[in-house]
Structures are given as structure tokens and as C-alpha cells.
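Scroll down for the structure; my scribbles are underneath it.
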Amino acid sequence: EDCFLEEKRFKQYCEEFIKHSQQIGDGWEWRTSKDLGDGYLSKTHFQVRNRNIPRDLKEKNNDNIERTLFTDVEEPLDDSQTAGVCATEEVIRYEYHVLYSNSYQVPVLYFRACFLDGRPLTLEEIWKSVHACYQARLLEGPWDTITQQEHPLLGQPFFVLHPCRTNEFMSSVLSSSRKHSRYTNYIILWLSTVGPVVGLNLPLSYA
Amino acid sequence: MTDDKDVLRDVWFGRIPTCFTLYQDEITEREAEPYYLLLPRISYLTLVTDKVKKHFQKVMRQEEVSEIWFEYEGTPLKWHYPIGLLFDLHASNTALPWSITVHFKNFPEKDLLHCHSKDVIEAHFMASIKEADALKHKSQVINEMQKKDHKQLWMGLQNDKFEQFWAINRKLMEYPPEDSGFRYIPFRIYQATTERPFIQKLFRPIASGGQLHTLGDLLKDVCPSAITPEDGEQKTQVMIHGIEPMLETPIQWLSEHMSYPDNFLHISIIPRPTD
Numbered sequence: 001e002d003c004f005l006e007e008k009r010f011k012q013y014c015e016e017f018i019k020h021s022q023q024i025g026d027g028w029e030w031r032t033s034k035d036l037g038d039g040y041l042s043k044t045h046f047q048v049r050n051r052n053i054p055r056d057l058k059e060k061n062n063d064n065i066e067r068t069l070f071t072d073v074e075e076p077l078d079d080s081q082t083a084g085v086c087a088t089e090e091v092i093r094y095e096y097h098v099l100y101s102n103s104y105q106v107p108v109l110y111f112r113a114c115f116l117d118g119r120p121l122t123l124e125e126i127w128k129s130v131h132a133c134y135q136a137r138l139l140e141g142p143w144d145t146i147t148q149q150e151h152p153l154l155g156q157p158f159f160v161l162h163p164c165r166t167n168e169f170m171s172s173v174l175s176s177s178r179k180h181s182r183y184t185n186y187i188i189l190w191l192s193t194v195g196p197v198v199g200l201n202l203p204l205s206y207a
Numbered sequence: 001m002t003d004d005k006d007v008l009r010d011v012w013f014g015r016i017p018t019c020f021t022l023y024q025d026e027i028t029e030r031e032a033e034p035y036y037l038l039l040p041r042i043s044y045l046t047l048v049t050d051k052v053k054k055h056f057q058k059v060m061r062q063e064e065v066s067e068i069w070f071e072y073e074g075t076p077l078k079w080h081y082p083i084g085l086l087f088d089l090h091a092s093n094t095a096l097p098w099s100i101t102v103h104f105k106n107f108p109e110k111d112l113l114h115c116h117s118k119d120v121i122e123a124h125f126m127a128s129i130k131e132a133d134a135l136k137h138k139s140q141v142i143n144e145m146q147k148k149d150h151k152q153l154w155m156g157l158q159n160d161k162f163e164q165f166w167a168i169n170r171k172l173m174e175y176p177p178e179d180s181g182f183r184y185i186p187f188r189i190y191q192a193t194t195e196r197p198f199i200q201k202l203f204r205p206i207a208s209g210g211q212l213h214t215l216g217d218l219l220k221d222v223c224p225s226a227i228t229p230e231d232g233e234q235k236t237q238v239m240i241h242g243i244e245p246m247l248e249t250p251i252q253w254l255s256e257h258m259s260y261p262d263n264f265l266h267i268s269i270i271p272r273p274t275d
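Quick note, the sequences are listed as chains A and B, same order.
Residue numbering for the first sequence follows the UniProt record's numbering, beginning at 1 and increasing consecutively.
Residue numbering for the second sequence follows the UniProt record's numbering, beginning at 1 and increasing consecutively.
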């Protein structure tokens, strides 16, 4: 079964996706390039991360392990909140873009992260911030790796999950969904699978 | 009449005389002499400048040396673009040698990809080849090849071995006898003046009636401003490997003979010199 995504359909699915995002205040927007009208999904959010928590503190807060290692702050922090973050925590700005690849006829996830002072995170630092259970998935996943590439519309360095085997894993996801006659929005299915690997979560209401 | 295979050799062996100068703010223990080198048009800056790096590191202290990067007249040069493309796009109508400035500090994170090892260049090169084959053959040819064939493409480029490279690359230039060409043409069109780094779209080499599409057809379709003359005068040049191919050239032929080793046609649209 051909699970390639045509560009027109990509744009339609993105439109629906944006509508829902607006309804729940999830922060996604559609951006277009000025000259040719190519567009992409974009979302920016901030995350707070603790640095160098001493060993005994980690053990004491077992139920808070997730918070101490990698905290998800769903609401964007404004300046006043950021100032209140203490010295052992750092705020990281993540930017996610979903673009369409003509060559592979699939969506592609581009992302970058930087500290508030503008210093970008290296790939190693981003790898480390991926939740442990997803690190295993990343190693075996239907993508060769995460690499740094030039953003095709902005011309700036971004990290990218490689698209060449997207079709493979999407075909099984899509066919099981269609079997149950559920309406399938390719973008929602795809993003809910690849997103968490790089710290991007979709609220359940998208389904 | 030039044989088509001669074109392949001319493209492969194209060179650009270049003068590398150390950025004046870099801290040195002695004066740094400029370094001259003939750069292969079809290769990548970070693949062919080991000697440049060594030359300048000799006059610098170890702690002053971080990742090398190159700049031309204030513009950081993207190492992941082939050298010939960078020259055509930024300096083709200026006097030779091409003057490039070498930096070892203040890496421009917002403009350039990092290149910490040759593996990064290889990964980038192979990713381009794979993408080109996705367009030409739905990835069938590249996926049928063994790992050692992929390695041979890279080694051919790295060691400047034309025969070794083309022994494998010729398979990527074939197409089924019932077709007249590739499925889509791998190409990118660059203009230094736009924010968008390049234009890349799906384009078939053969029209529905069976005629061969030309370079002019491609431009008309994806970048009409490049060939529509304003007030009757052609303000731009369409350049590939330092020459302006005739717009009547079939794009299928261009793809087979004037692609870079990554199998893409990298086309520059530049201002026509006024003199």
C-alpha cells in the first residue's frame, strides 16, 4: 500500500492540525516562505532542566526523578517566570518545524535548541536530554540518525530526524488505523510517533 | 564534436585557483603567509583543506585553534555546498585567484553546519546521493547497491579517482529502456540574494507528449524571474560549473553529464556583469 503523502494532502492535514492546536492553545502555527509560498508547521516552547543534581538528592526524590532529570513545562515561560528560575536550573528554548520533503514525499521534523543567552545546544547535549526510554527507540528506530542539516527554507543549521524510512513505519500505523475505520490525519499519527523522541509531546486530544 | 564522456572528465577535473589568508584578528606567534591551492570544483572545502589548516596552525598557539571555517567578503562559506557552487554563486565574475579568509575562532553557529570529522562530510555526501536517487529511481538503484559500492563512491571523491567513482556512478545514471529518462531531475537553484537558500521542486525530464524538457523549461517552471528579461535585457546569468549552458539543452542530458558527484545539478543564478 502506498503510504506516500502528497504535498496537497500534507497542507490539508496541517490545516486541521493547526485548527485543533488553536482550540487547545498548543502553540503551533503555520509559516510560509515569502517568495514561493511553501509552508511549514512551527512551534516554540521552553523547558526547564536541572543541572548536576547531587546523588543523595536524586535518591530522596525518587518520585520526582522525572522532574529532576527532564522537566516538561507545557506553558511557555514569560520573562518574569524565567527570571525566577534558580541557578541550578537552566531554560532551554526548543523550536520545532515540520516541513514537507518533495524528494521522499513525507513530512520531516527539524528542530533546534538554545539556552536563553543564545548559545545553541550541541547534538550531544540534545541526545542527553532525550528521555531514557526513547534513547533505545532512537537507536533502533526507522531513521538512520539525527544529524545537523541546513533548513531548506531558512538556510540555518537545524537538527533533523532522517525521513528515508518514514514510509516504512507509517504504513503499519496507517493500515491499522484504517482497519478500524478511524479518520486518519497523517501528520498527527506521524508526529505523535516521532515527536516524543526529541522532547515534543502531543496532547491526547489531537487523536 | 566533443564526446559526452569528455564532458564528464572536464566537470570532474575543474579547478579554482584559491588564495587562503588568515583572518587578521587571529592571534599568531609569527606572521602568517597566505597559502595557495587549486581547489577541485566538485569537492567540499573541509575535505580538501587539511594542508591549509596545517599551514596556519604552525604559526598559532594550540589554545587559539578551534574549528576551522572559511569566509569570502564577510560571507561564511557553507562547507556542505560543493566548492564550484560556492565560487559560481559568490565570486565567479571577480578576478582570480579566489581570496578566501580562514578563521579558527567565533564559529558562526547560526550560519554554518559543524564539521568535526571526515565522517560528517561522508554522511552528508551519501545523504545527497540517496536523495537524488529517490528522485530519479524511487531509491531502487541506490538500495540495490552493496555497502562497498557506496564506499567506492565516497572514496572516489575523496581520493580524486574519476574511474573508480564512475564505475559505480554510471549505474545511478541509467534508466529503464521503456522510459526516456529519470523519474524526476535532482536539481537545486541558488541565488545569493534570497533568504531561501535554494529552490528544489519536482520536475520531470520528459513532457507528457514525449518531448525532452530543456533547461529553459525548468527555469520557466520553477524560477521564471531568472530568464524573463526586464525591459528586454537579460539581467542574470544561469551558471553550472562555471559555464552558461544553452537554455535549449535537454535537462535529462544535463542531469547525466553535468551533475556534481552528489548527483545533483547545482545551478547558480547570478547578476550578469555590466561591463
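Where a beta carbon is used, it is the ideal one built from N, C-alpha and C, also for glycine.
Since the model is a prediction, treat every value here as computed from it, not as a measurement.
Query: Environment of B/S255 [buried if 16+ CB atoms lie within 10 Å]; Result: buried
Query: Residue span of the beta strand (DSSP E) that contains A/E50, given as start and end; Result: The sequence given here places Asn at residue 50 of chain A; Glu does not occur at that position. Run containing A/N50: 39-50, per the beta strand (DSSP E) assignment.
Query: Interface residues of chain B facing A/Y104 [CB-CB closer than 7 Å]; Result: A134
Query: C-beta neighbour in chain B for A/P120, strict 9 Å; Result: yes
Query: Positions along the region 143-172 of chain A whose CB lies within less than 9 Å of some CB in chain B; Result: D144, T145, T147, Q148, Q149, E150, H151, P152, L153, L154, G155, Q156, P157, H162, C164
Query: Three-state secondary structure assigned by DSSP to A/Y186; Result: helix
Query: Environment of B/L38 [buried if 16+ CB atoms lie within 10 Å]; Result: exposed
Query: Distance between beta carbons of A/P120 and B/E109, contact taken as under 8 Å; Result: 5 Å
Query: Spatial distance of A/A83 from A/C114 (CA atoms); Result: Interpretation of A/A83 is limited by its pLDDT of 48, a score under 50 that renders its predicted location unreliable; no figure is taken from the coordinates.
Query: Collapsed DSSP secondary structure at A/E150 in the structure displayed; Result: strand
Query: Contact set between A/S21 and chain B, taken where Cβ atoms lie within less than 9 Å; Result: Within chain B, no residue comes near A/S21; the closest Cβ sits about 25 Å away, beyond 9 Å.
Query: C-alpha gap between B/R9 and B/I240, whole angstroms; Result: 15 Å
Query: Cβ neighbours of B/T46 in the same chain (closer than 7 Å, five flanking residues each side left out); Result: W79, C115, I121
Query: 6 Å CB neighbourhood of A/S21 in its chain, flanking five on each side removed; Result: W28
Query: Identity of the residues DSSP links to B/I189 by a beta bridge; Result: B/I199, B/I267
Query: A/V150, buried or exposed, once every other Cβ within 10 Å from all chains shown has been counted against 16; Result: A quick correction: the sequence has Glu, not Val, at residue 150 of chain A. The residue in question, A/E150, is buried, as its Cβ has 16 or more Cβ neighbours within 10 Å.
Query: C-alpha distance - B/I269 paired with B/L215, whole-angstrom precision; Result: 13 Å
Query: Delimiting residues of the beta strand (DSSP E) encompassing B/M173; Result: Looking at the DSSP string, B/M173 is not in any beta strand (DSSP E), and its letter there is neither H nor E.
Query: Neighbour list for B/E131 in chain A, Cβ cutoff strictly below 7 Å; Result: S103
Query: Own chain residues within Cβ distance below 6 Å of B/L218, not counting five before or after; Result: F203, I251
Query: Any C-beta of chain B under 9 Å from that of A/S42; Result: no
Query: Assigned exposure category for B/Q62 - 16 Cβ within 10 Å defines buried; Result: exposed
Query: Close Cβ partners of B/A167 (< 6 Å) along its chain, the five nearest in sequence each way excluded; Result: none
Query: Cβ contact (3+ pairs, closer than 8 Å) linking the region 185-203 of chain B and the region 148-158 of chain B; Result: no
Query: Contacting positions in the UniProt domain "Autophagy protein ATG5 UblB" (184-269) of chain B - beta carbon closer than 9 Å to chain A; Result: Y184, P186, T194, E195, R196, P197, F198, I199, Q200, K201, L202, V222
Query: Supposed contact pair A/L41 and A/F17 - C-beta distance, whole angstroms, cut 8 Å; Result: 7 Å
Query: Near-chain A residues of the region 107-119 of chain B - C-beta to any C-beta below 8 Å; Result: E109, K110, D111, L112, L113, H114
Query: Closest by C-alpha distance to A/T193, when choosing among A/D38, A/P107, A/T44; Result: A/P107
Query: Chain A contact for B/A91 (CB, 9 Å cutoff); Result: no
Query: Residue-level contact to chain B via CB, A/K34, 9 Å cutoff; Result: yes
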